[in-house]
Structures are given as structure tokens and as C-alpha cells.
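Under our numbering, think of the first position of the sequence shown as 1497, with each following residue one higher. Presented below is the structure to which this report refers.
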Amino acid sequence: MLNAFLVALAVFICVGGAELVGFTMLNRPIVIGPLVGLFLGDLHTGVIIGASLEAVFMGVVNIGGASAAEPGITTAVGTAFAIMLGKGSEVALTLALPIGILGLQIKTVLYIFIVGMFAKTFDRLAAEGKEKQIVALHYGLWAVNWFLYSLFAFFGILFGSDAVSALLDAIPDVVMNGLTVCGGLLPAVGMAMLMKMLWDNKICMFYFLGFVLAAYLNLPLIALAVIGVIIAISIGMNDYKLNQLAAQRVAVSPAGSADEYLDEEEEEFFS
């Protein structure tokens, strides 16, 4: 009971607090994982699972009707199962993903029926200039919405731990090993999704540079970050010089434009 309450409290604070006073990023796995681990007495496991799921969800974006697993509830439940069952973080992460998908649907339903039903009320209060009532209604709906959402995590941990434990004990070792391998691949899938969004042929050379530095020279992350900062500063200084040259050229020849000059310089650089 206490563990279920603590997990629900973490969901209420982090997932609910993420949009209370702006987008605070409290609902990220890297935040929720360590917090749940701290609540349940195993901070080390919480940090590991939070970092692993952060890599998974780093490139996941919900756009329109396209839905993915909600990272907050996934991390909270996955971390709790890993600590309470002691079956390994990879298996717990794999089992938590379906719960995260269901959690996103519940989150959407709550938005529609808890917050959405008061949309006209907000419009009416705004037209009447009742600012205090708007603020009170906003925070009141926030508390109700995320309290109901945290109940999903509460009952999931309260009634699900025994069932999940029995299920894991009944699964053959071959299947368990497969789940472990799949759990280890999830961060790679997340990074691949992120790279798919960020990929640009003009800067892909830096990706391969980083790969070579990390794989063959075994440079640590701090060294790679410093190299990245140096490259970014160099590119910024080069762009500044190009802008200065473009401005001088436009001043001498009004027929041209700065954008056209920069495009020509860029094409010559990458050709």
C-alpha cells in the first residue's frame, strides 16, 4: 500500500507538475526514475531505469492523433516493478511500456472529460473579466485531473505487483532472455528515432566524427562535448564572417541580396 501511494505521489508531482507553471520537463524519465527510486529506497536502480527510458523517449513526440507511450507513467511503473520484484530492469521496462500506452489514452480521456467540459466556462469567465475565478478553476481542475491520473499508477502497483511477479515466474527462461535483449535495444530505438528527425546531409559528417572518436579513440562524453562546443563556436564564427561579407557585398552591389550570397557560399563549401 505504501509503495503504491509513493509511486502515485511521484506521478502526481512530476507528470501533473510538468505543465502547471509552464513546461517544466518534470515528466521526463530522467526525473521520475530517480524520484521513484528514492521513494522506494533504491536510488541506483531508479537512476539506471530513468536514464534508459530517457534515451527511449528522447525522440518520441505525440502529434495529433499519433500516440505513443506516456513516459511519466511508464517510468514510474517500470521503476517500481524493477525495485519491488527484483527481476531486472530490462524486463521491468519491457512490461511497463504497454502500461505507458494505456496511460496515455487515460490521460487523453481525462483531458476531454475533466478539463474539456469546462472550456465554455473559461470563455464565459474571461468575457466577464473574472480573473480570480479563472485561476481558481484552473488549479482546481489541475488537481482533480492529475489526482485521477495518479490513481491509475496507484492501483497498477497495488494490484499488479503480485500478478506481474507470478507472470514472470511462469515465463520460460528463453522468453525472459528475449525480453532482456529487447529491453536493452529500446534505448537504441529511441536514439534512432531522434536521429531520424535531426538528420541533415549538411551536418552528417559530425555524426560520423563523433562515432569515430567514441568507438575507436574511446573518448569520454565530456571530451566529446568539449569538441562539439568547439565545432559549434567555429561554425558560429564562420557564419558571422559570412554575414559581414554578405552585408559588404550588398552595400557595394544593391542588385544582390545577403541570402543569395550566403546560399552561394554554402553551396561552394559543400560541393
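Backbone N, C-alpha and C define an ideal beta-carbon position, used for all residues, glycine too.
Neighbourhood of residue i by C-beta distance below 8 Å, restricted to the same chain and skipping five residues each side
i       : result
Leu1445 : Here the chain comprises residues numbered 1497 to 1767, so residue 1445 is not present and cannot be evaluated.
Ala1622 : Ile1630
Phe1650 : Ala1500, Phe1501, Val1503 and Ala1504
Val1527 : Cys1510, Met1521 and Gly1546
Ile1602 : Tyr1645 and Phe1648
Ala1710 : Leu1720
Val1611 : Leu1637 and Asn1641
Extent of the continuous alpha helix (DSSP H) to which residue i belongs
i       : result
Asp1619 : Ala1615 to Ala1623
Gly1706 : Cys1700 to Ala1711
Phe1577 : Pro1567 to Leu1581
DSSP-derived helix/strand/coil call for residue i
i       : result
Met1497 : coil
Gly1537 : coil
Lys1626 : coil
Trp1695 : coil
Thr1520 : coil
Met1554 : coil
Pro1668 : coil
Ala1514 : coil
Pro1594 : helix
Asn1673 : helix
Asn1641 : helix
Pro1855 : Outside the displayed range of the chain (1497 to 1767) lies residue 1855, so it cannot be described from this structure.
Chain-order list of residues whose beta-carbon lies under 7 Å from that of residue i (same chain, five-residue window excluded)
i       : result
Lys1626 : none
Val1543 : Gly1529, Pro1530 and Gly1533
Val1725 : none
Gly1706 : Leu1720
Glu1550 : Arg1524, Pro1525 and Ile1526
His1634 : none
Near the ligand ADP: residue i beta-carbon under 7 Å from a heavy atom
i       : result
Thr1617 : The model depicted lacks the ligand ADP and carries no ligand whatsoever.
Beta-carbon contacts of residue i that lie in its chain and below 6 Å, excluding the five residues immediately before and after
i       : result
Ile1597 : Ala1565
Ala1632 : none
At a cut of 8 Å, does the region 1565 to 1574 reach the region 1504 to 1511 through at least three beta carbon pairs?
As far as the Cβ criterion goes, the region 1565 to 1574 touches the region 1504 to 1511, which means the pair count is three or higher.
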